[in-house]
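Notes follow once the structure below has been shown.
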Amino acid sequence: MLALIHARLMTRQAMTILTIAFVIIVADQWSKQFMLDWIFFPPVRIVILPFLNMVPVWNSGMSFGLLADGGMIVRFGLAVLALLVAIWFLWSATSLTRIQRYAGGAIVGGAIGNAIDRLRFGQVVDFIDLHVAGWHWPAFNVADITISIGAVLWIVSLFFEQENKET
1 MLALIHARLM
11 TRQAMTILTI
21 AFVIIVADQW
31 SKQFMLDWIF
41 FPPVRIVILP
51 FLNMVPVWNS
61 GMSFGLLADG
71 GMIVRFGLAV
81 LALLVAIWFL
91 WSATSLTRIQ
101 RYAGGAIVGG
111 AIGNAIDRLR
121 FGQVVDFIDL
131 HVAGWHWPAF
141 NVADITISIG
151 AVLWIVSLFF
161 EQENKET
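Sequential numbering of the sequence shown, starting at 1, is according to this note's numbering.
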C-alpha cells in the first residue's frame, strides 16, 4: 500500500504540483513575515498607489471574513480541508491536464499558506488593500491571489483542455 502511495505521489505530474505549491508557500510566508515586521507592530497603513495600500488585517475566517466566528472548529477544519485538497490534487495528478496541474499547484500552495497562518496565529495575515472611489476590496494576501489564479486556470482548463488532454 505504501509503495502505491509513493508511486502515485512521485510522478512527474505530482512533482509539478508540489514544486509550484512549495514556491508559493515560501513566497506567501515570506511576504506575510515581511508585512508583520513592517506594518503590523505597530499597526500602520502604507499608501503605495492611489488605489493600493498595505494595511494590517487579521482574518479569522475564510475569504471575505466568512465564518470568522467559527473558533477552533473553523481554524482546524480549514487546515484539514487544505490538506485534503492537496492530497486530492497529488493523487489525481496523472489524470490532470497541464493547466489543471498548474492550477492545482497554485490552489494547494495558497491553501497551505493560509492554513499555516491559521495553525500558527489562529487567523490569516492579510495586507493588500485595493480600492477605487472609496470602495475597498476585502484585504487579501499572496496565498489568496494564487488560489484565485488557480481557480481561473482550472475554469480555463475546463473550457479549452477537456477534450484534448495533454500529459
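From the three backbone atoms N, C-alpha and C, an ideal C-beta is built for every residue, glycine too. Since this is a predicted model, take the numbers as computed values, not measurements.
query: Range of the contiguous beta strand (DSSP E) that encloses Met54; result: 52-59
query: Close beta carbons around Ser157, own chain, < 6 Å, minus the five adjacent residues each side; result: Thr97, Ile99, Gln100
query: Cross-strand partners of Trp135 (DSSP beta bridge); result: Val132
query: Closest Cα partner of Trp88 within the set Ile73, Arg75, Ile107, Gly77; result: Ile107
query: Three-pair Cβ contact test at 8 Å for the stretch 10-20 versus the stretch 28-45; result: no
query: Opposing strand residues paired with Ile39 [DSSP bridges]; result: Bridge partners of Ile39: none, in fact.
query: Within 8 Å, strictly: CB atoms of Asn59 and Asp126; result: yes
query: Rounded separation between Trp137 and Ile128 - CA only; result: 9 Å
query: Selection from Leu49, Asp28, Ala93, Val55 that minimises the alpha carbon distance to Phe41; result: Val55
query: DSSP bridge partner residues for Phe140 (one or two, in chain order); result: Ile128
query: Ile145 to Val132 span [Cα, whole Å]; result: 18 Å
query: Reference Gly150, options Gly134, Leu130, Gly109, Asn141, closest by Cα; result: Gly109
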